[in-house]
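First up is the structure itself, then whatever we jot down about it.
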């Protein structure tokens, strides 16, 4: 079967982390941050919330590509006369971090787990906000793989897509696939929330999908609409407990969580430890207004009955 040709990138990529056991790749807007910065600009300076949400619905149904809808969103901001520096300052004053991200990032540094931001936004705007939220020094340590901005002398601007021939504008899967080609690939954790994360979702080893009550939650909607029949994590937990207690032969159990995770991790021991720590954390986790639900990829996308606060709970997985 022919391999789909990778879209040409107009922007360079940072070197991949070849010697790491785990790598975290995360969306920026609405995932690390509490609000999507591009949605914020569109809602307050562009054509407004309702038209933006209709655009998202059109993307989900395949009526329009993310690339074209996103460009139209941003053009509605520039059409109203808002210059690039003004937009950067609006975001710097308005966008905040999701609760727990600073502690999460500190933990990753201590555990030698690289954190890379993979965004369909524009790197200059991300850098402005990130520096304000965590400080210049720490912001410089975090790699950002995103689109760019073409800023004119008069301050007018437009988005410069990383992959202009892709329907995503920035095909985030291209940041994951190089790791897949390594002789000893790391376990890839991907965190996302929106339609621009669709291309990366199917290539992650463990995917965390952010859901916010009352918001669009487009990635969750996309995955639910396309998931294959698969047991919930609670069912898998009961199954695995039966295997561990000897009531069921693990080798013959096709629904066992260990069997589903073996495709991701290099050894059975790592699978068992990941399972144990995940279940142990889920047993004591509490509902939060903003939470993530894990979904197991690539073989199955399982529903999770227990809310998992990702930034606080990530250390339980390692």
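In the numbering used here, the protein residues as written are 72 to 389.
We put the beta carbon where it would ideally sit given N, CA and C, even for glycine.
- Along the length of the region 129 to 204, whole alpha helix (DSSP H) runs at least 4 residues long occupy 137 to 150, 155 to 165 and 172 to 181, reported in chain order.
- The Cβ neighbour count for residue 223, taken over all protein chains shown within 10 Å, is under 16; the residue is labelled exposed.
- CA-to-CA, the gap between residue 204 and residue 194 works out to about 15 Å.
- Contact check for residue 136 against residue 231 fails: the beta carbons are separated by 9 Å or more.
- When DSSP states are grouped into helix, strand and coil, residue 210 belongs to the helix group.
- Beta bridge pairing from DSSP links residue 239 with no other residue.
- Under the DSSP assignment, residue 103 falls outside any beta strand (DSSP E); it carries neither an H nor an E label.
- DSSP lists 230 as the beta-bridge partner residues of residue 220.
- Going by beta carbons, residue 84 and residue 216 fall inside the 9 Å limit.
- CA-to-CA, the gap between residue 91 and residue 130 works out to about 35 Å.
- Here residue 218 is buried, its C-beta having at least 16 other C-beta atoms within 10 Å.
- Here residue 152 is exposed, its C-beta having fewer than 16 other C-beta atoms within 10 Å.
- Taking the C-beta atoms as reference points, residue 201 is found no nearer than 9 Å to residue 189.
- DSSP places residue 253 in the coil class of the three-state scheme, outside both helix and strand.
- Close CB contacts of residue 270 within its chain, under the 6 Å cut and outside five residues either way in sequence, are with 239, 242, 243 and 244 (chain order).
- Closest in C-alpha terms to residue 199, from the list 79, 98, 261 and 108, comes 108.
- Close CB contacts of residue 78 within its chain, under the 6 Å cut and outside five residues either way in sequence, are with 234, 236, 237 and 242 (chain order).
- Per DSSP, the unbroken alpha helix (DSSP H) holding residue 272 starts and ends at 269 to 272.
- Collapsing the DSSP output to three states places residue 82 in coil.
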